[in-house]
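What follows is a set of notes on a single structure, which appears directly below.
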Amino acid sequence: MMKARSALLLGSLSAALVAVALTSPRVIAADKVDPVADAKAFQNFFFQKFPTVKHEDFVNGPYSMNEDMKRQWREKEEFPPYEFALDAGKEMFATPFKNGKTYADCFPNGGIGIRQNYPYFDEKEGKVVTLELALNRCREANGEAPYSYVKDEMASLTAYMAFTSRGKPMDIKIPDDPRALAAFENGKRYFYTRRGQMNFSCASCHVQSPGERIRAEILAPALGILNAMPIYRSEWSGMGTTSRRFVTCNSQTRAVPLEPQADEYRDVEYFLSYVANGLPISGPGARP
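All letters in the sequence shown, in the order written, are residues -29 to -1, 1 to 259 by mature numbering (1 follows the signal peptide of the UniProt record, and there is no 0).
Here is the structure:
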């Protein structure tokens, strides 16, 4: 049964990648990279594939694909499972470091309502900077030890910061810098490249097969998939960051996971966030 299911996921909706040919993996020169065209093609593919789904609902992941799940999710949102993390994150965010400074001193607008601008490309460093990375750099700059990138304190902090941006449209910028264009292209390439024993790419599940079931899980669409991060997952019995989601996806497809905040993970986060521009931030979220 599992072999048959894997074959279906790999072979059944092959036209999907053709429909988004602009976002297929290929090595091209920076002056040929066109993120605007890629984002338009990516969004239009999902809008056309799921014409009854409201555009802003794609950020709700599998709940946008299944009415029964959506009803159950809305009921759970009355007492959301991530509430404990949200409260903890708010308290941590306001608690001064040993030197008297706080996270607010490290971010624009005091760190409030800025989630939609992350990740960004740091032209001085020449690399993508995620919110998780920026938070740990803030801690280290103020003499504090970094947190784990995958859960616990980091998930709580990013949950609070995401909550302060709820409803704001994703607004990722790609500067006119060949290195930024290369990071976007590298992230796109990673997203579409097959890897691991199952020979899956990220797109195998989240472009070709959203709304379908694999094991007991309904697959989420790639469009807006990071807008709800961080998330509480029943599978984890706790919160997880974008880093945790990437590591888990690699493990589930029997590929070798990278280190959290590896360049490849940061680049794919840059790609997925940019192509979701205009869709609202909905984090923190909850998933099965």
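The C-beta atom is built at its ideal place from N, Cα and C for all residues, glycine as well.
- Item | Every unbroken beta strand (DSSP E) within the region 134 to 217, with a cutoff of 3 residues, ordered by chain | 202 to 204, 209 to 211
- Work out the CA separation of Tyr91 and Ala174 for me, nearest whole Å. Here residue 174 corresponds to residue number 203 of the sequence shown, with the count starting at 1. Here residue 91 corresponds to residue number 120 of the sequence shown, with the count starting at 1. Approximately 23 Å, taken between the alpha carbons.
- Collapsed DSSP secondary structure at Asp5 in the structure displayed: Mapped onto the sequence shown, residue 5 falls at position 34. Correct three-state label for Asp5: coil.
- Query: Among residues of its own chain, excluding the 5 on either side of Arg150, which ones have a beta-carbon nearer than 6 Å to its beta-carbon?
  - Reply: For this step, residue 150 is matched to residue 179 along the sequence shown. Counting only Cβ-Cβ distances below 6 Å, and skipping sequence neighbours, we find Gly97.
- Message: Can you list, in chain order, the residues of its chain with a C-beta nearer than 6 Å to that of Glu183? Leave out the 5 residues immediately preceding and following it.
- Response: Start at 1 with the first residue of the sequence shown, and residue 183 comes out as number 212. Within the same chain, Glu183 has close Cβ partners Leu190.
- Task: Go ahead and pull the three-state DSSP assignment for Pro255.
- Result: As a position in the sequence shown, residue 255 is number 284, starting the count at 1. The answer is coil: DSSP assigns Pro255 none of H, G, I, E or B.
- Task: Flag this pair as touching only if the region 130 to 143 and the region 76 to 88 have three or more C-beta atom pairs under 8 Å; answer yes or no.
- Result: yes
- Task: Assign Phe78 to one of three DSSP states: helix, strand, or coil.
- Result: Numbered from 1 along the sequence shown, position 107 holds the residue referred to as residue 78. It is coil, neither helix nor strand.
- Message: Which of the three DSSP states is assigned to Val30 in this structure?
- Response: Position 59 of the sequence shown, counted from the start, is the residue given in the question as residue 30. Residue state, collapsed to three classes: helix.
- Task: May I ask which residues mark the beginning and end of the alpha helix (DSSP H) holding Asn41?
- Result: Within the sequence shown, numbered from 1, the residue matching residue 41 stands at position 70. In the sequence under discussion, the amino acid at residue 41 is Lys, which differs from the Asn named in the question. Unbroken alpha helix (DSSP H) run through Lys41: 38 to 47.
- Item | Completely contained beta strand (DSSP E) runs for the region 54 to 110, where each covers 3 or more residues | 91 to 93, 98 to 100
- Best match in Gln179, Met125, Gln223, Pro52 for proximity to Ser208 [C-alpha to C-alpha]: One-based indexing of the sequence shown puts residue 208 at position 237. For the residues Gln179, Met125, Gln223, Pro52, the minimum Cα distance to Ser208 belongs to Pro52.
- Item | Three-state class that DSSP yields for Arg237 in the structure shown | Counting from 1 along the sequence shown, the entry for residue 237 is found at position 266. Reduced to three states, the DSSP call for Arg237 is helix.
- If you draw a straight line from the alpha carbon of Ser119 to that of Ala187, how long is it in whole angstroms? Counting from 1 along the sequence shown, the entry for residue 119 is found at position 148. Counting from 1 along the sequence shown, the entry for residue 187 is found at position 216. When rounded, the distance between both Cα atoms is 29 Å.
- Taking Asn170 as the reference, give the member of Ala226, Ile196, Asn157 with the closest Cα. Walking along the sequence shown from the start, residue 170 turns up at place 199. It is Ala226.
- Consult DSSP for Glu115 and reduce its assignment to one of helix, strand or coil. Taking the sequence shown and counting its residues from 1, the one referred to as residue 115 is at position 144. Glu115: coil per DSSP, three-state reduction.
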